[in-house]
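Enquirer:
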Amino acid sequence: MARVVVDVMPKPEILDPQGQAVARALPRLGFDGVSDVRQGKHFELEVDDSVDDETLAKIAEGFLSNPVVEDFVVRRVQS
Amino acid sequence: MARVVVDVMPKPEILDPQGQAVARALPRLGFDGVSDVRQGKHFELEVDDSVDDETLAKIAEGFLSNPVVEDFVVRRVQS
Amino acid sequence: MTDTVDNAKATPEQAQPYRELGLKDDEYARIREILGRRPTDAELAMYSVMWSEHCSYKSSKVHWKHWSANTTPEMKAKMLAGIGENAGVVDIGDGWAVTFKLESHNHPSYVEPYQGAATGVGGIVRDIMAMGARPLAVMDPLRFGAPDHPDTKRVLPGIVSGVGGYGNCLGLPNIGGEVVFDPSYQGNPLVNALCVGAMRVEDLHLAHASGTGNKVILFGARTGLDGIGGVSVLASETFSGDEGGTGRKKLPAVQVGDPFTEKVLIECCLELFAEGIVVGIQDLGGAGLSCATSELASAGDGGMHVELDRVPLRAKGMTPAEILSSESQERMCAVVKPSDVDAFMRVCAKWDVIATEIGEVTEGDRLIITWHGETVVDVPPRTVAHEGPMYERPIERPHDQDSLQANGPEQLARPSTPDELRAEILRMAASPNLASRRWVTEQYDRYVRGGTVLAQPSDSGMIRVDEQTGRGVALATDCNGRFVKLDPYTGTQLALAEAYRNVAVSGATPLAVTNCLNFGSPEDPAVMWQFEQAVRGLAEGCKELGIPVTGGNVSFYNQTGSTAILPTPVVGVLGVIDDVRRRIPTGIGAEAGETLLLLGDTRDEFGGSEWAHEVHGHLGGLPPKVDLAREKLLADILVAGSRDGMISAAHDLSDGGLAQTLVETVLIGEVGARVFLDPDQDPFVQLFSESAGRVLVAVPRSEELRFTEMCTARGLPWRRTGVVDPESGTLEIQGVGEIALPELREAWEGTLPALFG
Amino acid sequence: MRIGAVTFPGTLDDSDTARAITASGAEAVALWHGDADLKGVDAVILPGGFSYGDYLRAGAIARFAPVMGEIIDAARKGMPVLGICNGFQVLCEAGLLPGALLRNAGLHFVCRDQWLKVENNNTAWTTRYDANAEIIIPIKNMDGRYTASKSTVDELEGEGRVVFRYTGGNPNGSFDDIAGVSDPTGRIVGLMPHPEHAIDALTGPSDDGLGMFLSALDSVVAA
Ligand SMILES: Nc1ncnc2c1ncn2[C@@H]1O[C@H](COP(=O)(O)OP(=O)(O)O)[C@@H](O)[C@H]1O
Ligand SMILES: [Mg+2]
Chain A
1 MARVVVDVMP KPEILDPQGQ AVARALPRLG FDGVSDVRQG KHFELEVDDS VDDETLAKIA
61 EGFLSNPVVE DFVVRRVQS
Chain B
1 MARVVVDVMP KPEILDPQGQ AVARALPRLG FDGVSDVRQG KHFELEVDDS VDDETLAKIA
61 EGFLSNPVVE DFVVRRVQS
Chain C
1 MTDTVDNAKA TPEQAQPYRE LGLKDDEYAR IREILGRRPT DAELAMYSVM WSEHCSYKSS
61 KVHWKHWSAN TTPEMKAKML AGIGENAGVV DIGDGWAVTF KLESHNHPSY VEPYQGAATG
121 VGGIVRDIMA MGARPLAVMD PLRFGAPDHP DTKRVLPGIV SGVGGYGNCL GLPNIGGEVV
181 FDPSYQGNPL VNALCVGAMR VEDLHLAHAS GTGNKVILFG ARTGLDGIGG VSVLASETFS
241 GDEGGTGRKK LPAVQVGDPF TEKVLIECCL ELFAEGIVVG IQDLGGAGLS CATSELASAG
301 DGGMHVELDR VPLRAKGMTP AEILSSESQE RMCAVVKPSD VDAFMRVCAK WDVIATEIGE
361 VTEGDRLIIT WHGETVVDVP PRTVAHEGPM YERPIERPHD QDSLQANGPE QLARPSTPDE
421 LRAEILRMAA SPNLASRRWV TEQYDRYVRG GTVLAQPSDS GMIRVDEQTG RGVALATDCN
481 GRFVKLDPYT GTQLALAEAY RNVAVSGATP LAVTNCLNFG SPEDPAVMWQ FEQAVRGLAE
541 GCKELGIPVT GGNVSFYNQT GSTAILPTPV VGVLGVIDDV RRRIPTGIGA EAGETLLLLG
601 DTRDEFGGSE WAHEVHGHLG GLPPKVDLAR EKLLADILVA GSRDGMISAA HDLSDGGLAQ
661 TLVETVLIGE VGARVFLDPD QDPFVQLFSE SAGRVLVAVP RSEELRFTEM CTARGLPWRR
721 TGVVDPESGT LEIQGVGEIA LPELREAWEG TLPALFG
Chain D
1 MRIGAVTFPG TLDDSDTARA ITASGAEAVA LWHGDADLKG VDAVILPGGF SYGDYLRAGA
61 IARFAPVMGE IIDAARKGMP VLGICNGFQV LCEAGLLPGA LLRNAGLHFV CRDQWLKVEN
121 NNTAWTTRYD ANAEIIIPIK NMDGRYTASK STVDELEGEG RVVFRYTGGN PNGSFDDIAG
181 VSDPTGRIVG LMPHPEHAID ALTGPSDDGL GMFLSALDSV VAA
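Chains as they are written, first to last, in the UniProt record's numbering: chain A, 1 to 79; chain B, 1 to 79; chain C, 1 to 757; chain D, 1 to 223.
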């Protein structure tokens, strides 16, 4: 068994209202020095060792993210 | 400037219907071998060097996550 | 290097990617002729988006003559603004003006269902705001491919949550819509969105930039790289996008919506209107700043100078062409007197809305746009906004139209025994096109704003406009694309008749019409024939009913490969009711001992019917007969009956015929009924025919005589068809059998959840 | 008798809440998120909507608004506070009520007419209801699944602080069918369904919601 992490983020040129809302709120809460925030999704998958990287990429690209508006990164964090 | 990543996940004992929906859908799409999925949030912050780890922890704990139901991890990924 | 006007003059021979931007050779030549030189990159971007099918209506405009030819002075009298404005405006009385419009967001919703549908809602809401109105409600007529096709499972849930995600967050109740399945929409779903808004008559704002020296203020979201090329993509043959002539990598022609920003923008605009500091206003939709600046300037009485480098950006290194064609959402553009600019900025600051003075109204008649002091656009704005190309596309009746009409439904096997008829009622109730829409509508907030009087499941959506007097409006949208395919002229009139009837059935008086004409490629003469027939049918139908077309929208190139969708001219009818408390609900059983009366004539009409489609997969023959004089009489009687409190419930007959109307009335009313069919007519025809001009009404026993005498006196056929039976808990149809309500409900409500979870 | 209704950017049901307050006979006072000023009101309602788009978490940003500091102080001194839907989420985020509201179990926005049981008719907002009254009022939200630790729920149940419970079906997977809870004093109440949309059978499923606004009048007069 391996733990696989997939992070899915809005593409840089795509509007990210969620991240913007956080970025605008921080100074109001008294936290300065954060110039930009982007918010995406974080998936943690428990994966059988038989699942290869190519399959993981397919899952991430075709299902966990929407390639029209999002990018993704896959990492195996332990095995 | 540093890039800081904050991952926020539902606590293990909290029901995660989004993760479950993903886990249930995968076999239907022909992807086997994924036994569990949990879904959380992934934040990427551009942070001034003056912002210390303690402040980041406060932002993550007091704002980006809700300690009643979520755990978080803060990482500096580059500086 | 920025391509300035000086540079364009100096390099007349420089090749330009006009074809990639969707312009034809002769269109490009015309731009050169207008300018007396080659256009700059920025000018080319403006002309290409503004001359796209979507913005210029170049294939459809020649047919607008039918609207004007069929609008009488009496019809015009109710209209405060009509075709040509952002949205039509009608006077509903008590000093209220109501504005409403339908728009399509079909292609983006196929590429990215959630965002495509969400931004479709956002766009139509800004259109309504640009009239000076407060948006009050939305509706969403939708069309999808086969219900069991795997791609429908991607497209439908995404579109529904996009419509809901945006509209709910905006605080606008969703009061109705349509969900229709047909394989012809498989690669090309239709997402039409309607918004209705209201204002006091004196507060009407039109999009004009007048008054030399007045300031042009851009407010709302920052401008980013999203949706660039969206317009040309929207309206051209392909989805492939373009390079924007800038050498930048291909960008997704999809916009991401931010409903929170739009909600704040609505409140901000309303406060600005209330302060009386807006001279002109225009929303930024398709074609973004290109459209807003050229339309404001074109409709005004002067020129305009815009300093493009002042536009607040979200992305680094954007070129003037990109800024002009960006379709970033949630932006508006206002013209404001210099003395009011401070007040304007104060209101925006209160709502945390970014507002920037980007230019001013000038003497003369040029639209001049500069970029860090250099001129990148210098054009006559009318040539961009209002004098685009216009095509008289070839029209030809399809070769197979005759054989389609000849292949009638007469040969189809019909159920005849009681058991067969009973089974057919349940099968039809559970069919995807007739099953309960609750799975969809539960995802929409129908309560917000506290004015919703009727929403799903109901023939029309109704909202209260004036809390003191109770004055309100009702809206319905309809279109049976199969009827339109069989006979576009009649089919479109049937769509009009159904929407008109749905409004009248709720007790409101139909007043005005909008439309969204969804068709295949205008370069296909057969499609243009359908289109021309549809426009003529609608225009002439409206004249006969005496209600004007106040505006609409055209969406061409709806096809999968070379196969066009069913022609789908969605018709929206708006009605007015002086007091919403006398609305007529759909569900029976509110009053003890109601009688069910069927109004209208039932004929053996199955061409294009739901039954032929669902049971036999058949499409052929002729659609039902349309009789608009009858529809008008029916509406008069329904409104009179509502006024005099004679009708306790009513539901019209449309898709699925009487059987489906009965199913819905008993399930919505949660009460049983006993129904007697006419012994002299085939039960199958009575139950499933889709003859137009029919309504099932429930009248309290005490009113029965008065009501039927009124019908008889005015020449409206009626038949006593049944009684409400609160004890029984079944729908009992004499000669067919009984169906217990739980069994019926399971059939009707189970289908969409089973398909889409 | 003056009851405040707070508007945050993105609040949607503020005018409906004001209408309901007026219908109950009280004076509705508009409170603005950016003003640390309660304008001398006797009770406060946080209406529904999507404050700040609910982009981070429902209610997470709104709870830091200037007006919230005043509300928290006043609430600690016993002023009746009602959080409806997004307002409930804000009260949980602010720590005035226990627990959290998570994405609906069905992962869809749900708008329906919902039956509720009034489990505690001794709070500042429920005295007008009979014990165990069943009422029908609309529910409409994306994040309505009430969640709290086992010990918190035990405490709530033990102290009678589950004020409303869903009956006839749980619309969102809330723990123990919990639809609304109160603080230990019974003066702060939060619920997901919308009483302000059930004040008139013309525009809602019933007028069952009016009781909450009327109860507040009683509690203020009594206090
Ligand atoms: N996409 C939708 N959005 C909102 N309401 C819808 C949608 N589709 C259908 N409805 C509603 O469901 C009910 C039934 O729809 P339909 O059978 O098409 O009505 P009708 O036959 O009277 O035109 C109506 O209240 C309609 O407005
Ligand atoms: Mg109808």
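By construction, the Cβ of each residue, glycine as well, lies at the ideal position given by its N, Cα and C atoms.
(1) For C:P510, which option in C:L404, C:S416, C:I637, C:T563 has the closest C-alpha, if you only look at C-alpha atoms?
(2) Contact defined as beta carbons within less than 8 Å: I believe C:L136 pairs with C:R449. What is the distance between those atoms, to the nearest angstrom?
(3) Under a Cβ-count criterion, where at least 16 other Cβ atoms within 10 Å of its own Cβ denotes burial, should C:E85 be classed as buried or exposed?
(4) Answer with yes or no whether the minimum CB distance from B:V69 to chain D is below 7 Å.
(5) Identify every run of the alpha helix (DSSP H) within the UniProt domain "PurM-like N-terminal" (459-577) of chain C, keeping only runs that are complete inside it and at least 4 residues long; order them along the chain.
(6) Using a threshold of 7 Å, state whether the C-beta atoms of C:V353 and C:F219 are closer than that.
(7) Name the residue from C:V473, C:L434, C:R482, C:A209 whose alpha carbon lies nearest to the alpha carbon of residue 758 of chain C.
(8) Just confirm the distance between the C-beta atoms of C:I565 and C:N502, as a whole number of angstroms; I'd bet it's less than 8 Å.
(9) Give a yes or no on whether the minimum CB-CB distance between D:L101 and chain A is below 7 Å.
(10) What is the rounded straight-line gap between the Cα of C:L289 and the Cα of C:R427?
(11) Which residues, taken in chain order from the region 36-61 of chain A, show a beta carbon closer than 8 Å to some beta carbon of chain B?
(12) Within 7 Å (strictly less), CB to CB, does A:D16 reach chain B?
(13) Per DSSP, what are the beta-bridge partners of C:K215 in this structure?
(14) Answer yes or no: does any C-beta atom of chain A fall closer than 7 Å to that of C:L517?
(15) Excluding five sequence neighbours on each side, which residues of the same chain lie with their C-beta closer than 6 Å to the C-beta of C:T469?
(16) D:M212 lies in the alpha helix (DSSP H); which residues open and close that run?
(17) Can you check whether the C-beta of D:F175 is within less than 7 Å of a C-beta belonging to chain A?
(18) Helix, strand or coil for B:K41 per DSSP?
(19) Which of the residues in the region 106-119 of chain D, read from start to end, lie with their CB under 7 Å from any CB of chain B?
(20) Enumerate in chain order the residues of its own chain whose CB-to-CB distance from C:T246 is below 8 Å, with the five nearest sequence positions on each side excluded.
(21) Mind checking C:Q16: buried by the 16 CB within 10 Å criterion, or exposed?
(22) Only counting the same chain, and skipping five residues up and downstream in sequence, which positions put a Cβ closer than 6 Å to that of C:C269?
(23) According to DSSP, is C:E610 part of a helix, a strand, or is it coil?
(24) Any residues in the region 42-53 of chain D with a beta carbon nearer than 8 Å to a beta carbon of chain A? Which ones, in chain order?
(25) Hey, would you say C:H63 sits closer than 7 Å to C:V527, going by beta carbons?
(26) With a cut-off of 8 Å, do at least 3 Cβ pairs link the region 146-165 of chain C to the region 179-194 of chain C?
(27) Assign C:Q115 to buried or exposed, taking buried as 16 or more other Cβ atoms, counted over all protein chains shown, within 10 Å of its Cβ.
(28) Mapping the DSSP letters down to three states, classify C:G220 as helix, strand or coil.
(29) Nearest by alpha-carbon distance to C:S436: which of C:E690, C:T661, C:K65, C:L696 is it?
(30) Residues in the same chain with beta-carbon distance under 6 Å from residue 759 of chain C, minus the five sequence neighbours each way, listed in chain order, please.
(31) Cβ atoms of D:P80 and D:A216: under 7 Å apart, would you say?
(32) Helix, strand or coil for D:I21 per DSSP?
(33) Express the C-alpha separation of C:A45 and D:G95 in angstroms, rounding to a whole number.
(34) Curious, which full-length alpha helix (DSSP H) runs of at least 4 residues does the region 10-67 of chain A contain?
(35) Determine which residues share a DSSP beta bridge with C:R694 and list them.
(36) Are there 16 or more other CB atoms within 10 angstroms of the CB of A:L29, so buried, or fewer, so exposed?
Expert: Judging by the given coordinates:
(1) C:I637
(2) 7 Å
(3) buried
(4) yes
(5) 481-486, 488-505, 525-545
(6) yes
(7) The structure shown has nothing for residue 758 of chain C, since chain C only spans 1 to 757.
(8) The Cβ separation is near 23 Å, so there is no contact.
(9) no
(10) 51 Å
(11) D36, V37, R38, Q39, G40, K41, H42, F43, E44, L45, E46, V47, D48, S50, V51, T55, K58, I59
(12) no
(13) C:V336, C:E360
(14) no
(15) D94
(16) 210-222
(17) no
(18) strand
(19) L107
(20) With a pLDDT of only 33 at C:T246, under the threshold of 50, the placement of this residue in the model should not be trusted; the figure read from the coordinates follows. If we look at C:T246 and ignore the five residues flanking it on each side, its Cβ neighbours are D41, T319, A321, E322.
(21) buried
(22) M129
(23) helix
(24) Y52, G53
(25) no
(26) yes
(27) buried
(28) strand
(29) C:T661
(30) This structure does not reach residue 759 of chain C, given that chain C is present from 1 up to 757, and the question cannot be answered.
(31) yes
(32) helix
(33) 53 Å
(34) 17-28, 53-59
(35) The partner list for C:R694 (beta bridge, DSSP) is empty, contrary to what the question assumes.
(36) exposed
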